[in-house]
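> Line by line, the protein sequences give chains A and B. For what it's worth, this note's numbering labels the leading residue of the first sequence as 12, then goes sequentially. For what it's worth, this note's numbering labels the leading residue of the second sequence as -9, then goes sequentially. Here it is, the structure, as structure tokens.
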Amino acid sequence: AQKVTQAQTEISVVEKEDVTLDCVYETRDTTYYLFWYKQPPSGELVFLIRRNSFDEQNEISGRYSWNFQKSTSSFNFTITASQVVDSAVYFCALSEANSGNTPLVFGKGTRLSVIA
Amino acid sequence: DAGITQSPRYKITETGRQVTLMCHQTWSHSYMFWYRQDLGHGLRLIYYSAAADITDKGEVPDGYVVSRSKTENFPLTLESATRSQTSVYFCASSLDGYEKLFFGSGTQLSVL
């Protein structure tokens, strides 16, 4: 069965620092999808990125970047030059495609606090 | 507006009462999901549905009932609410089971 581990429960950084949120996953499937979601203090869940298991290219979107490494089963998320608005809970999630369309399994989340 | 809506936004009930949380989506997505969010547990899947009249259990289905007679609606019923069901409940939909989820705004349920 698939599993997602976000070992960092809470992280606190000072504004403008870079921060990396770790995500380690477990799956037996060869085809799977990885996701990151953001949950700001207002409570809604905001989709950030989806990557499939065949695409190991790193992705950059503005101050956000994602490092996907199959060799270590990790899909880490880095925020460069953090801002107060980045304060949120961030969830990593995994979905398997080989064994039928399995719903997303989420990690427990990492709460990021960015201090001005 | 198109989207996914949940109601009510907040609900307080007593132990033993039946409660139904509503979820409606306007995208005609095949898949719909119910997750609960609790501190220290993240988001856990309660039930999901791949199409009308097809539902499946998730990780924490006990004490919950779902139905999906129409593609756009996926209500979640707590037949006899317990304090351990105090949580924030999120409904979501997607085109396919492994596509990105579109979440509703959540229902904050308190069982006293």
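No residue lacks a Cβ here, since even glycine has one placed at the ideal position from N, Cα and C. Predicted model, so just to flag it, every value in this text is computed and none were measured.
1) Can you list, in chain order, the residues of the segment 28 to 44 of chain B whose Cβ is nearer than 9 Å to any Cβ on chain A?
2) Kindly list, in the order they appear in chain B, the residues whose Cβ is closer than 7 Å to that of A11 of chain A.
3) What residues in the segment 59 to 92 of chain B have a beta carbon less than 9 Å from any beta carbon of chain A?
4) What does L115 of chain A reach in chain B if we use C-beta pairs closer than 7 Å?
5) Alpha carbon to alpha carbon, what distance is there between E26 of chain A and W24 of chain B?
6) Measuring alpha carbon to alpha carbon, tell me which residue in A:C103, A:V125, A:A127, A:T113 is nearest W47 of chain A.
7) Tell whether a beta-carbon distance below 9 Å holds between V116 of chain A and L35 of chain B.
8) What's the C-alpha gap between D46 of chain B and Y37 of chain B?
9) Give the DSSP-derived three-state secondary structure of V56 of chain B in the structure shown.
10) In whole angstroms, what is the alpha-carbon distance linking V24 of chain A and P51 of chain B?
11) Got a sec: which bits of the segment 33 to 59 of chain A sit with their beta carbon under 7 Å from any beta carbon on chain B, in order along the chain?
12) Could you compute how far the alpha carbon of N69 of chain A sits from the alpha carbon of Q80 of chain A?
13) Classify V100 of chain A as helix, strand or coil using the three-state DSSP reduction.
14) Output, in chain order, the set of chain A residues within a Cβ distance shorter than 8 Å of G48 of chain B.
15) Do G94 of chain B and A40 of chain B have their CB atoms nearer than 9 Å?
16) Expressed to the nearest angstrom, what Euclidean distance is found between the alpha-carbon atoms of Q13 of chain A and P52 of chain A?
17) Measuring CA to CA, which of A:R122, A:S106, A:I126 is closest to L45 of chain A?
18) Which residues mark the beginning and the end of the beta strand (DSSP E) in which H31 of chain B is found?
19) On a CA-only basis, which of B:S18, B:F80, B:T97 is nearest T61 of chain B? Give me that one, please.
20) Output the boundary residues of the beta strand (DSSP E) element that contains H14 of chain B.
21) Could you give the C-beta distance for T97 of chain B and Q(-4) of chain B, rounded to a whole number, given that I count them as a contact under 8 Å?
22) How is V35 of chain A classed by DSSP in three states: helix, strand or coil?
23) What's the call for L102 of chain B, buried or exposed, on a 16-neighbour Cβ count within 10 Å?
24) Which residue marks the beginning of the beta strand (DSSP E) containing V50 of chain B, and which one marks its end?
For this structure:
1) G30, H31, G32, L33, R34, L35, Y38, A40
2) There is no way to answer for residue 11 of chain A, as the model of chain A reaches only from 12 to 127.
3) Residues of the segment 59 to 92 of chain B with a C-beta atom less than 9 Å from some C-beta of chain A are V78, F80, A82, S84, D86, G87, Y88, E89, K90, L91, F92, listed in chain order.
4) Position 104 of the first sequence, counted from the start, is the residue given in the question as residue 115 of chain A. Correct list: L91.
5) Your numbering for residue 24 of chain B matches position 34 in the second sequence. Your numbering for residue 26 of chain A matches position 15 in the first sequence. Roughly 35 Å between the two C-alpha positions.
6) Here residue 47 of chain A corresponds to residue number 36 of the first sequence, with the count starting at 1. Ranking the options by Cα distance to W47 of chain A, first place goes to A:C103.
7) Along the first sequence, read from residue 1 onward, the residue named residue 116 of chain A stands at position 105. Along the second sequence, read from residue 1 onward, the residue named residue 35 of chain B stands at position 45. Yes.
8) Position 56 of the second sequence, counted from the start, is the residue given in the question as residue 46 of chain B. Position 47 of the second sequence, counted from the start, is the residue given in the question as residue 37 of chain B. Answer to the nearest angstrom: the Cα atoms are 6 Å apart.
9) On the second sequence, position 66 is the one that residue 56 of chain B refers to. Residue state, collapsed to three classes: strand.
10) Mapped onto the first sequence, residue 24 of chain A falls at position 13. Mapped onto the second sequence, residue 51 of chain B falls at position 61. The straight-line gap from Cα to Cα measures roughly 38 Å.
11) For the segment 33 to 59 of chain A, the set of positions with a beta-carbon nearer than 7 Å to some beta-carbon of chain B reads Y44, F46, G54, E55, L56, F58 in chain order.
12) In the first sequence, counting from the first residue as 1, residue 69 of chain A sits at position 58. In the first sequence, counting from the first residue as 1, residue 80 of chain A sits at position 69. The straight-line gap from Cα to Cα measures roughly 9 Å.
13) For the purposes of this step, residue 100 of chain A is taken as the residue at position 89 of the first sequence. DSSP, read as helix, strand or coil, puts V100 of chain A in strand.
14) Residue mapping note: residue 48 of chain B aligns to position 58 of the second sequence, counting from 1. Those are P114, listed as they occur along chain A.
15) Sequence index remark: in the second sequence, residue 94 of chain B carries index 104 (1-based). Sequence index remark: in the second sequence, residue 40 of chain B carries index 50 (1-based). 9 Å or more divides the Cβ of G94 of chain B from the Cβ of A40 of chain B.
16) In the first sequence, the residue the question calls residue 13 of chain A occupies position 2. In the first sequence, the residue the question calls residue 52 of chain A occupies position 41. Going by the C-alpha atoms only, they are around 28 Å apart.
17) For this step, residue 45 of chain A is matched to residue 34 along the first sequence. Selected option, being the one with the closest Cα: A:S106.
18) If you number the second sequence from 1, residue 31 of chain B lands on position 41. It is not in any beta strand (DSSP E) - H31 of chain B carries neither H nor E in the DSSP assignment.
19) Here residue 61 of chain B refers to the residue found at position 71 of the second sequence. Checked all of B:S18, B:F80, B:T97; the closest Cα to T61 of chain B is B:S18.
20) Here residue 14 of chain B corresponds to residue number 24 of the second sequence, with the count starting at 1. Counting along the chain, the beta strand (DSSP E) containing H14 of chain B begins and ends at 9 to 15.
21) Position 107 of the second sequence, counted from the first residue, corresponds to residue 97 of chain B. Position 6 of the second sequence, counted from the first residue, corresponds to residue -4 of chain B. Indeed they touch by this definition, with Cβ atoms about 5 Å apart.
22) Taking the first residue of the first sequence as position 1, residue 35 of chain A is located at position 24. It is a strand residue.
23) The residue given as residue 102 of chain B occupies position 112 in the second sequence. Label assigned to L102 of chain B: exposed.
24) Position 60 of the second sequence holds residue 50 of chain B. Run containing V50 of chain B: none; DSSP gives neither H nor E here.
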